[in-house]
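>
Number of protein chains: 4
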Amino acid sequence: MLFHVSARLEYAVRFSSTLILNVHVQHNESQSIVTEQFGVEPVVPLEHFSVPGSDNRFVRLETGDAKSLTVSYAATVDCDHDILPTRNLEELPVGEIPPEVIPYLFPSRYCQSDKLARLAWDLFGKLPTPHDRVTGIVDWIHNNVEYLSGSTDSGTSAYDTVTQRTGVCRDFAHLGIALCRALNIPARYFTGYSYQLDPPDFHALFEAYLGGRWALFDATRLAPLNGLVRIGSGRDAADAAVATIFGGVSTRLSKVECKLGEGQNFTPLDRGDLTRAAVALETNTDATPEA
Amino acid sequence: MLFHVSARLEYAVRFSSTLILNVHVQHNESQSIVTEQFGVEPVVPLEHFSVPGSDNRFVRLETGDAKSLTVSYAATVDCDHDILPTRNLEELPVGEIPPEVIPYLFPSRYCQSDKLARLAWDLFGKLPTPHDRVTGIVDWIHNNVEYLSGSTDSGTSAYDTVTQRTGVCRDFAHLGIALCRALNIPARYFTGYSYQLDPPDFHALFEAYLGGRWALFDATRLAPLNGLVRIGSGRDAADAAVATIFGGVSTRLSKVECKLGEGQNFTPLDRGDLTRAAVALETNTDATPEA
Amino acid sequence: MLFHVSARLEYAVRFSSTLILNVHVQHNESQSIVTEQFGVEPVVPLEHFSVPGSDNRFVRLETGDAKSLTVSYAATVDCDHDILPTRNLEELPVGEIPPEVIPYLFPSRYCQSDKLARLAWDLFGKLPTPHDRVTGIVDWIHNNVEYLSGSTDSGTSAYDTVTQRTGVCRDFAHLGIALCRALNIPARYFTGYSYQLDPPDFHALFEAYLGGRWALFDATRLAPLNGLVRIGSGRDAADAAVATIFGGVSTRLSKVECKLGEGQNFTPLDRGDLTRAAVALETNTDATPEA
Amino acid sequence: MLFHVSARLEYAVRFSSTLILNVHVQHNESQSIVTEQFGVEPVVPLEHFSVPGSDNRFVRLETGDAKSLTVSYAATVDCDHDILPTRNLEELPVGEIPPEVIPYLFPSRYCQSDKLARLAWDLFGKLPTPHDRVTGIVDWIHNNVEYLSGSTDSGTSAYDTVTQRTGVCRDFAHLGIALCRALNIPARYFTGYSYQLDPPDFHALFEAYLGGRWALFDATRLAPLNGLVRIGSGRDAADAAVATIFGGVSTRLSKVECKLGEGQNFTPLDRGDLTRAAVALETNTDATPEA
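Residue numbers (this note's numbering), protein chains in the order written: chain A, 473 to 763; chain B, 473 to 763; chain C, 473 to 763; chain D, 473 to 763.
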């Protein structure tokens with residue numbers, strides 16, 4: 473499935489600063505970049521880099537004396553969303569989780585799974601399979617947390633959301649991750665471009681490691697799981713922020729789009745599908761237990 | 473410098489569980505393993521593994537039906553502690569931090585640097601160099617936080633310690649890390665065997681990335697920096713726990729030793745040295761910008 | 473119903489300190505003191521006092537140079553527990569809550585009702601009457617929080633317990649209070665001697681203001697509601713601590729008893745009763761809207 | 473000194489709700505009400521009340537079907553600010569604090585003094601007198617916390633502010649109170665009209681109980697201490713909110729004024745004065761241990 477994605481970010485700069493951006497889509501086995509453009513106005517020193525153990529594609533910018541910066545990114549991406557029959561998402565004991573997946577069992581800044589263990593086992597521990605537990609978590613979050621723009625901020629974590637029960641996509645994802653990890657199910661943060669998300673924006677959701685694969689889950693249910701283009705993965709938003717700012721920079725505008733390629737025929741996965749199937753959008757750092 | 477290190481850990485097992493242990497010393501450019509033994513009684517299935525982007529050496533054990541487990545580890549290690557002249561620990565702008573070090577700028581479970589930014593800049597922002605800032609942080613923690621066994625637990629984080637002002641080595645390390653990151657200085661958690669630590673135990677401290685190298689700092693000042701043998705590095709204790717338990721296992725005994733090799737001549741770095749010099753014990757994942 | 477209650481408290485004193493004790497039973501319209509003894513060994517300066525708007529009976533002790541203190545209290549108390557038919561515990565709009573009860577709507581140190589509002593309305597808001605809501609809260613706490621000695625400390629609050637889901641009687645009471653207040657139902661902390669509590673100790677529970685009266689609720693369900701002798705009421709444990717210590721004093725022993733008077737015939741209220749009826753043990757500070 | 477104070481509050485009402493307002497000035501021994509007007513448009517049922525142990529004057533309003541409410545209050549008040557020579561603000565051991573003042577030693581919702589004890593004793597414990605400690609606290613807050621509108625919300629407490637170091641007058645007051653109580657100095661929240669506060673608004677500060685009297689302190693230093701007209705006192709903002717809303721009401725406008733009476737001659741207390749003297753504005757609930 474072909475998607476055209478784009479982002480235009482405008483920043484006001486108060487003094488010479490460094491920005492780390494994460495807006496490039498990942499290039500991996502289920503996501504091919506057909507075309508891609510990236511530009512910054514005015515021209516400033518920049519460096520593309522990635523971090524060991526991650527396919528995220530970062531850009532580091534030095535603002536120098538620029539008083540404002542405009543970042544433009546556009547790409548055409550061919551995504552191969554894999555619809556996973558949930559009967560294959562069977563039990564995977566901690567003892568068989570691949571080493572590279574193990575860090576996704578640990579608590580992180582916004583996903584304090586260590587503090588949610590009793591709650592998670594009480595609510596979901598009796599469900600028969602890991603896949604049932606994750607869908608139980610997603611349903612519970614959807615039913616108990618209200619999506620409310622502006623109700624949280626960058627300091628909000630799963631420990632807050634589980635009680636305060638409002639948030640945005642980032643908070644829904646963090647809570648899903650924390651509850652999975654509390655049940656010994658590896659889980660990680662996913663950011664991406666999202667087709668049919670309304671209003672258009674970057675989206676955040678989460679992946680759980682089930683049956684030897686990463687499967688996508690979205691407790692907000694705001695967009696179809698087979699319309700996502702991956703930007704970043706990480707333990708939580710600390711690892712995959714759209715922009716991390718070191719210095720005096722503030723966002724003036726953020727315009728994000730995700731359109732279907734010409735001639736493509738898109739059938740969104742609906743609620744019913746979601747209870748029967750899961751979706752994967754693999755990355756190179758994933759385990760490939762089949763191999 | 474040769475050290476003999478050993479750990480004996482006894483666990484009571486209530487039901488079939490998985491343990492991930494991190495007691496093996498790292499093997500890296502400044503730490504050579506001369507001899508090493510590892511055993512578990514009774515014999516249970518186990519797997520050695522490491523995680524991408526880390527030199528930590530983990531063991532995963534399946535308790536099966538065993539009602540108790542005794543883990544024994546011993547090694548003789550040749551450590552090459554590098555005394556760093558602090559005049560070389562100069563400014564390294566965010567823009568020049570190597571990619572693999574950048575994740576150590578981000579907040580983590582126990583090091584909420586995002587919430588400590590104003591406090592950190594107010595207290596240490598006027599110090600002229602990054603090395604001064606880190607030593608300022610270490611001095612401040614040493615002077616303001618009381619080392620008090622049993623005053624904290626596994627849920628305690630830097631955000632608590634900065635106000636409640638008691639803790640153990642782990643809490644001192646977490647607060648040091650959080651304050652460094654708040655000042656845009658990469659910092660990571662260090663666990664190891666520690667010569668002359670009294671009473672003998674695993675020790676936790678932290679490393680700050682200064683002048684292109686990781687340098688060791690210990691706000692507890694309980695042991696000489698040139699008597700350490702590295703077990704683990706990580707963002708915080710979530711990444712480098714001695715034991716992570718999935719199931720029903722409790723610790724019954726933990727006996728740890730670190731002795732000087734025969735014929736070795738050890739001169740502990742004293743307080744005065746610490747203000748003039750820093751110590752490094754490099755790992756392969758470090759950047760080597762000189763190369 | 474006659475009860476014999478007693479407490480023996482032994483303290484170690486490191487330096488000259490002040491203690492405020494709250495172990496005397498209240499004297500009010502439904503609780504008559506038949507006999508009462510209070511003594512401190514060695515003899516130290518002390519003062520009995522009460523606080524405006526409260527019937528709690530405090531004693532303030534000055535330890536002076538004493539190295540240890542033994543406090544002894546014993547009383548025989550005639551309690552008139554009023555079994556409230558729950559059909560009378562009807563709706564009382566905020567607009568009709570008596571002024572002296574209004575402060576029990578506000579959040580307090582250990583009962584952050586302001587942070588629990590969404591959760592409380594989601595879980596209990598659809599129940600038809602305030603009495604149903606309070607019994608719903610009590611059932612929910614009983615079913616979701618595990619009574620576990622030593623799992624919490626004096627800093628634990630309702631905001632922690634609602635997520636971490638372990639605690640002791642004090643934590644169960646705080647959570648009940650916070651959830652009631654979040655629903656605009658006044659609620660307050662109750663401490664007392666408790667007949668048939670096993671092991672014997674001071675007990676903490678809570679009262680909700682329903683139908684113009686304070687009714688007792690105990691989410692621990694560890695003791696019969698008609699076997700309580702009131703010591704203190706307050707917003708939370710900060711107002712009704714058994715001992716508040718200013719200085720260097722630690723508890724060495726605490727021995728508490730509550731026995732039935734000779735010839736008394738006690739029928740504990742059982743679970744079934746609790747769903748049909750509530751119990752009141754009034755105090756002079758209560759509103760008497762009927763009068 | 474004569475002041476004309478006024479407040480105009482406009483509320484939007486989504487559904488039938490109850491409001492508790494606290495905008496009336498107190499009438500006490502150092503504050504006489506010369507004239508006073510209060511009105512609500514449209515006319516709705518209302519009740520004036522006070523709470524035991526407090527001189528705060530509350531109004532409870534029932535919105536009924538009104539879609540909006542305008543509340544108007546105006547008063548001319550004669551205030552007798554007492555400049556306290558600080559040599560009289562001497563030591564008052566916990567053992568001599570009057571009973572009615574003792575609750576102001578306890579932690580409260582927004583003033584978690586129990587968690588700040590070590591920090592408070594470390595920072596201020598060596599100062600020789602209680603008055604020195606309170607002025608030390610005020611100076612420390614003024615120097616370390618930045619006044620920043622919008623940086624906090626109604627859930628922010630002293631435990632947050634001591635680390636995050638931004639806030640508004642309410643946060644400055646809460647932190648001052650918490651630090652005083654941590655040092656066993658009774659402290660309470662003060663709200664009032666404030667002459668020369670710019671921009672004009674309600675103001676919040678705190679009182680410490682020193683030498684047998686309540687003395688005013690303002691860590692924001694935004695207005696003269698002898699230009700205040702007291703509205704409310706309480707343990708913290710939970711006890712003395714301008715408006716407590718039960719239902720669906722939001723504030724549309726809040727316009728507050730405090731002007732000097734005709735012919736009055738006002739000399740603001742300046743910084744130098746504040747280090748030498750304190751100001752009291754007594755209330756009837758104060759202890760008068762001299763009498």
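Backbone N, C-alpha and C define an ideal beta-carbon position, used for all residues, glycine too. All of these numbers come straight from a predicted model, not from anything done at the bench.
1. Could you tell me whether the Cβ of I703(D) comes closer than 9 Å to any Cβ of chain C?
2. When burial is assigned at 16 or more other CB atoms within 10 Å of the CB, is S580(D) buried or exposed?
3. With a threshold of 9 Å between beta-carbons, can P761(A) be considered close to chain B, or not?
4. Thinking C-alpha only, which one of H553(C), Q503(C), A479(C), D611(C) is nearest A750(C)?
5. Check the Cβ-Cβ distances between Q584(C) and every residue of chain D, and say whether any is below 9 Å.
6. CB Y661(C) to CB A645(C), shorter than 9 Å?
7. Counting only beta-carbon atoms, is D527(C) nearer than 9 Å to chain F?
8. Counting only runs that start and end within the segment 623–664 of chain B, where is the alpha helix (DSSP H) found for 4 or more residues in a row?
9. Would you check if the segment 584–596 of chain D and the segment 506–514 of chain D touch, i.e. whether three or more CB-CB distances between them fall below 8 Å?
10. Taking beta-carbon pairs under 8 Å, can you tell me which members of the segment 475–504 of chain D lie near chain C?
11. Are there three or more Cβ pairs, one per stretch, closer than 8 Å when the segment 565–578 of chain C is compared with the segment 526–542 of chain C?
12. In the DSSP assignment, find the unbroken beta strand (DSSP E) run with G719(C) in it and report its ends.
13. Taking a contact to mean a Cβ-Cβ separation below 9 Å, would you say F678(D) touches A691(D) in this structure?
14. State the CB to CB distance for the pair V543(C) and L493(C), rounded to an integer number of angstroms; the pair is presumed to be in contact (CB under 8 Å).
15. Could you name the residues of chain A that R637(C) contacts, counting a contact when the two beta carbons are closer than 7 Å?
16. At least one CB of chain C closer than 9 Å to the CB of E562(D): is that the case?
17. So, is the C-beta of G567(D) closer than 9 Å to a C-beta in chain C?
18. Determine, using beta-carbon pairs with one atom in the segment 480–494 of chain D and one in the segment 712–727 of chain D, whether at least three such pairs fall under 8 Å.
19. Given S726(C), which residues of its chain have a CB within under 6 Å of its CB, disregarding the five upstream and five downstream residues?
20. According to DSSP, is A687(C) helix, strand or coil?
21. Since V596(C) is in the alpha helix (DSSP H), which residue starts that stretch and which ends it?
22. Should C730(D) and H476(D) be called a contact, given that it needs their Cβ atoms to be closer than 9 Å?
23. Using a 10 Å radius around the Cβ and a threshold of 16 neighbouring Cβ atoms, would you call A484(B) buried or exposed?
24. Quick one: what's Q509(B) bridged to in DSSP?
25. Taking a contact to mean a Cβ-Cβ separation below 9 Å, would you say E519(C) touches G525(D) in this structure?
26. Can a CB atom of chain C be found closer than 9 Å to the CB of L753(D)?
27. Does any residue of chain A bring its CB to less than 9 Å from the CB of N656(C)?
28. When DSSP builds the beta bridges, which residues end up paired with Q503(D)?
29. Checking 9 Å against the spacing of the C-beta atoms, do S585(B) and A654(B) come in under that value?
30. Nearest to G720(C) by CA position, among L474(C), Y681(C), R486(C), is which residue?
31. Inspect the beta-carbon positions of T638(C) and L620(C) and report whether they are closer than 9 Å.
32. Taking only three categories from DSSP, how would you classify Y667(C)?
33. From which residue to which residue does the alpha helix (DSSP H) around I609(D) run?
34. Verify the CB distance criterion: does V634(D) have a CB-CB separation below 9 Å to chain B?
35. Considering just the uninterrupted stretch of the beta strand (DSSP E) at L533(C), what are its terminal residues?
36. Using a Cβ-Cβ distance cut-off of 9 Å, determine whether F530(D) contacts chain C.
With the structure as the only source:
1. Position 231 of the fourth sequence, counted from the first residue, corresponds to residue 703(D). No - not a single Cβ of chain C is within 9 Å of the one on I703(D).
2. Here residue 580(D) corresponds to residue number 108 of the fourth sequence, with the count starting at 1. When all chains shown are included, S580(D) counts as buried.
3. Position 289 of the first sequence holds residue 761(A). Because the pLDDT at P761(A) is just 36, under 50, the model does not fix this residue reliably, and the point stays unresolved.
4. For this step, residue 750(C) is matched to residue 278 along the third sequence. If we check each option's Cα against that of A750(C), H553(C) comes out closest.
5. Walking along the third sequence from the start, residue 584(C) turns up at place 112. Q584(C) counts as touching chain D.
6. As a working mapping, residue 661(C) is identified with position 189 in the third sequence. As a working mapping, residue 645(C) is identified with position 173 in the third sequence. Yes, they are a contact pair.
7. Among the protein chains in the structure shown, which are A, B, C and D, there is no chain F.
8. 630–636, 641–654
9. no
10. T490, I492
11. no
12. Reading the third sequence from its first residue, position 247 is the one you call residue 719(C). Taken as a continuous stretch (DSSP letters only), the beta strand (DSSP E) holding G719(C) covers 715–732.
13. Counting from 1 along the fourth sequence, the entry for residue 678(D) is found at position 206. Counting from 1 along the fourth sequence, the entry for residue 691(D) is found at position 219. Yes, they are a contact pair.
14. By one-based count along the third sequence, residue 543(C) stands at place 71. By one-based count along the third sequence, residue 493(C) stands at place 21. V543(C) to L493(C), Cβ: 6 Å. Contact.
15. Stepping through the third sequence from its first residue, residue 637(C) is reached at position 165. Under the 7 Å cutoff, chain A gives R590, L591, D594.
16. Residue 562(D) sits at position 90 when you count from the first residue of the fourth sequence. Not closer than 9 Å to any Cβ of chain C, the Cβ of E562(D) fails to qualify, so no.
17. By one-based count along the fourth sequence, residue 567(D) stands at place 95. So yes, G567(D) belongs to the interface.
18. yes
19. Along the third sequence, read from residue 1 onward, the residue named residue 726(C) stands at position 254. Counting only Cβ-Cβ distances below 6 Å, and skipping sequence neighbours, we find L481.
20. Walking along the third sequence from the start, residue 687(C) turns up at place 215. Strand at A687(C).
21. Here residue 596(C) corresponds to residue number 124 of the third sequence, with the count starting at 1. The residue asked about is misnamed: residue 596(C) is Phe in this sequence, not Val. It spans 589–596 - the alpha helix (DSSP H) in which F596(C) sits, taken as one unbroken run.
22. As a working note, residue 730(D) is residue 258 in the fourth sequence. As a working note, residue 476(D) is residue 4 in the fourth sequence. Cβ atoms of C730(D) and H476(D): closer than 9 Å.
23. Translated into the one-based positions of the second sequence, residue 484(B) becomes position 12. Flag for A484(B) reads exposed.
24. In the second sequence, residue 509(B) corresponds to position 37, counting from 1. Answer is A546(B), bridged to Q509(B).
25. Numbered from 1 along the third sequence, position 47 holds the residue referred to as residue 519(C). Numbered from 1 along the fourth sequence, position 53 holds the residue referred to as residue 525(D). Going by C-beta atoms, E519(C) is not nearer than 9 Å to G525(D).
26. Translated into positions along the fourth sequence, residue 753(D) becomes position 281. Chain C contact via Cβ: absent.
27. For the purposes of this step, residue 656(C) is taken as residue 184 along the third sequence, with counting starting at 1. False, the Cβ-Cβ gap to chain A never drops below 9 Å.
28. Residue numbering aside, residue 503(D) sits at position 31 when the fourth sequence is read from its first letter. Its beta-bridge partners are N500(D), C551(D).
29. As a working mapping, residue 585(B) is identified with position 113 in the second sequence. As a working mapping, residue 654(B) is identified with position 182 in the second sequence. Cβ atoms of S585(B) and A654(B): closer than 9 Å.
30. Within the third sequence, residue 720(C) is the residue found at index 248, counting from 1. Measuring from the Cα of G720(C), the nearest candidate turns out to be R486(C).
31. The count along the third sequence starts at 1 and reaches residue 638(C) at position 166. The count along the third sequence starts at 1 and reaches residue 620(C) at position 148. Their beta carbons are under 9 Å apart, which means T638(C) touches L620(C) by this criterion.
32. If you number the third sequence from 1, residue 667(C) lands on position 195. Correct three-state label for Y667(C): coil.
33. Stepping through the fourth sequence from its first residue, residue 609(D) is reached at position 137. 602–616 is the span of the alpha helix (DSSP H), which, as asked, contains I609(D).
34. Within the fourth sequence, the letter at position 162 stands for residue 634(D). V634(D) counts as touching chain B.
35. The residue given as residue 533(C) occupies position 61 in the third sequence. That run of the beta strand (DSSP E) goes 530–534.
36. As a first step, residue 530(D) must be located in the fourth sequence, where it is residue number 58. Output row for F530(D): interface = yes.
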